[in-house]
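Report on the structure given below.
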Amino acid sequence: MPETFPIFISVAVDESSKRLDQFLAARLETVSRARVQEMIADRKVLVNDAPAKASLKLRGGERISVLGEAQRAPLKAVAEEIPLDIVYEDDDLAVINKSAGMMVHAGAGASDDARNSGTMVNALLHHLGSLSGVGGALRPGIVHRLDKETSGLIVVAKNDDAHRKLSAQFAAREVKKKYVALVHGWVKKDSGTLAQSISRDRVRRTRMTTRLEGGRAAVTHYRVVRRLDTRFGKFTLLDVKIDTGRTHQIRVHVAAMAHPVVGDTMYGAPRQARGKNAVIGLQRNFLHSAELEFKHPRTGAVIALKSELPRELQEFLKRLEE
582 MPETFPIFIS VAVDESSKRL DQFLAARLET VSRARVQEMI ADRKVLVNDA
632 PAKASLKLRG GERISVLGEA QRAPLKAVAE EIPLDIVYED DDLAVINKSA
682 GMMVHAGAGA SDDARNSGTM VNALLHHLGS LSGVGGALRP GIVHRLDKET
732 SGLIVVAKND DAHRKLSAQF AAREVKKKYV ALVHGWVKKD SGTLAQSISR
782 DRVRRTRMTT RLEGGRAAVT HYRVVRRLDT RFGKFTLLDV KIDTGRTHQI
832 RVHVAAMAHP VVGDTMYGAP RQARGKNAVI GLQRNFLHSA ELEFKHPRTG
882 AVIALKSELP RELQEFLKRL EE
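Residue numbers (the working numbering): 582 to 903.
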């Protein structure tokens, strides 16, 4: 659950020698260390009733008062000259082949630099000039999302009318989306549908879960493309289609089957797979938005686009099967 302020903490003697920010990040489970540092800089943290630095070494016996959240400047997307793979563009919309590692838009949970720079939205503002304003100053043009470490096709709107019409297609489940995923282990059935509801994890707030009641409906269909028996273990290559677009949906659903996406350490994938005299790892999730089909918001014409697996995923598959 989110923290309720103010919070008062007494530092035990055996907790001495820790930095103040490190100590608080460990104690406040739902607050990141970067957020703790912002609170300290904003004088929302007192040690023995006095402001302190994040680097303060605790001695034990101090009384820490955490008064509340830091006041943050409103976020706003800004144009940045960042390379972008635009696979389709007209006066109303564009379709981007997003690379893994790029955030779609700024998020409120990181430091100012991380929140405000390097996003796909910032790159779009540089390349396209303007986007729809329906999503606000932080998310201009964004109709749907891809996770940071997921690559592939994503459509953005250039004007408000296109944005509303595209959003209506997503809401009505008229947009067809196909992903390619490599998961750990051999999925037993050749095809299936996963329909567990998805909620935010109550403890680890950056994660989603299927284990709670009252979550949002989510439907994922999968089909086995290939089962791999390698020196690094067993894997299954899947085609995945989703009817809904919940946060981390595919990742959560396949992890609930005990077959996490390769590279997805958040949901249980190992950082590396070990074989005889060899180790293999992937610095991103093996999840790619490979196909996207929707109706043009102005003309009604069907737009169907495909994106090949990125080179790093193709090379990973080759290394598995060597």
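Note that CB positions come from ideal geometry on N, CA and C, so glycine has one too.
Note that this is a predicted model, so its numbers are computed, not measured.
In terms of DSSP beta bridges, what is residue i paired with?
| i | result |
| --- | --- |
| Leu674 | Ala738 |
| Met789 | Arg781 |
| Thr611 | For Thr611, which the question treats as bridged, DSSP gives no partner whatsoever. |
| Thr774 | His802 |
| Lys857 | Partner(s): none; Lys857 has no beta bridge. |
| Arg879 | Partner(s): none; Arg879 has no beta bridge. |
| Glu889 | Note: Glu889 sits in no beta bridge, so no partner. |
Quick one: residues in its chain with C-beta nearer than 7 Å to the C-beta of residue i, no 5 flanking neighbours on either side, listed in chain order?
| i | result |
| --- | --- |
| Arg726 | Val685 |
| Gly796 | Ser778, Ile779, Ser780 |
| Asn740 | Asp673, Ser713 |
| Pro632 | Arg624 |
| Ile588 | Val647 |
| Glu610 | Val784 |
| Leu894 | Phe867, His869 |
| Glu596 | Phe604, Leu639, Gly641 |
| Gly682 | Lys729, Glu730, Arg865 |
| Gln618 | Asp602, Ala635 |
Around the C-beta of residue i, are 16 or more other C-beta atoms found within 10 angstroms, so that it is buried, or is it exposed?
| i | result |
| --- | --- |
| His829 | buried |
| Leu705 | buried |
| Gly690 | The predicted model places Gly690 with a pLDDT of 45, which falls under 50 and marks its position as unreliable; any figure quoted below should be read in that light. Exposed, since its Cβ has fewer than 16 Cβ neighbours within 10 Å. |
| Val676 | buried |
| Ala752 | exposed |
| Ala593 | exposed |
| Pro878 | buried |
| Val883 | exposed |
| Thr880 | exposed |
| Asp709 | Note that residue 709 is Leu in the sequence shown, not Asp. So Leu709 ends up on the buried side. |
| Leu873 | buried |
| Ala607 | exposed |
| Arg616 | buried |
| Thr700 | buried |
| Gln864 | exposed |
| Thr787 | exposed |
Closer than 6 Å by C-beta to residue i: which residues in its own chain qualify, once you throw out the five before and the five after it? Chain order, please.
| i | result |
| --- | --- |
| Arg827 | Ile779, Arg797, Ala799 |
| Ser888 | Asn678, Gly733, Leu734, Ala871 |
| Tyr848 | Arg832, Ala836, Pro841 |
| Val628 | Glu643, Ile645 |
| Val860 | Gln853 |
| Ile620 | Note on residue identity: the sequence assigns Met, not Ile, to residue 620. Within the same chain, Met620 has close Cβ partners Val626, Ala651. |
List the whole-angstrom C-beta distance separating residue i from residue j, where the pair is believed to meet the contact cut-off of C-beta under 8 Å.
| i | j | result |
| --- | --- | --- |
| Leu886 | Val668 | 6 Å |
| Gly649 | Phe586 | 4 Å |
| His802 | Thr774 | 5 Å |
| Thr817 | Gly862 | Thr817 to Gly862, Cβ: 18 Å. No contact. |
| Ala718 | Ala658 | 6 Å |
| Asp602 | Ala635 | 4 Å |
Please go through the same chain and pick out, in chain order, the residues whose beta-carbon is closer than 8 Å to the beta-carbon of residue i, but skip the five residues on each side of it.
| i | result |
| --- | --- |
| Asp630 | Arg644, Ser646 |
* Is the number of C-beta pairs between the segment 758–773 and the segment 807–825 that are closer than 8 Å three or more? -> yes
* Asked: If you pair each beta-carbon of the segment 635–642 with each one of the segment 837–849, do three or more pairs fall below 8 Å?
  -> no
* To do: Could you say if the segment 854–867 and the segment 805–818 meet the contact criterion of at least three C-beta pairs nearer than 8 Å?
  => yes
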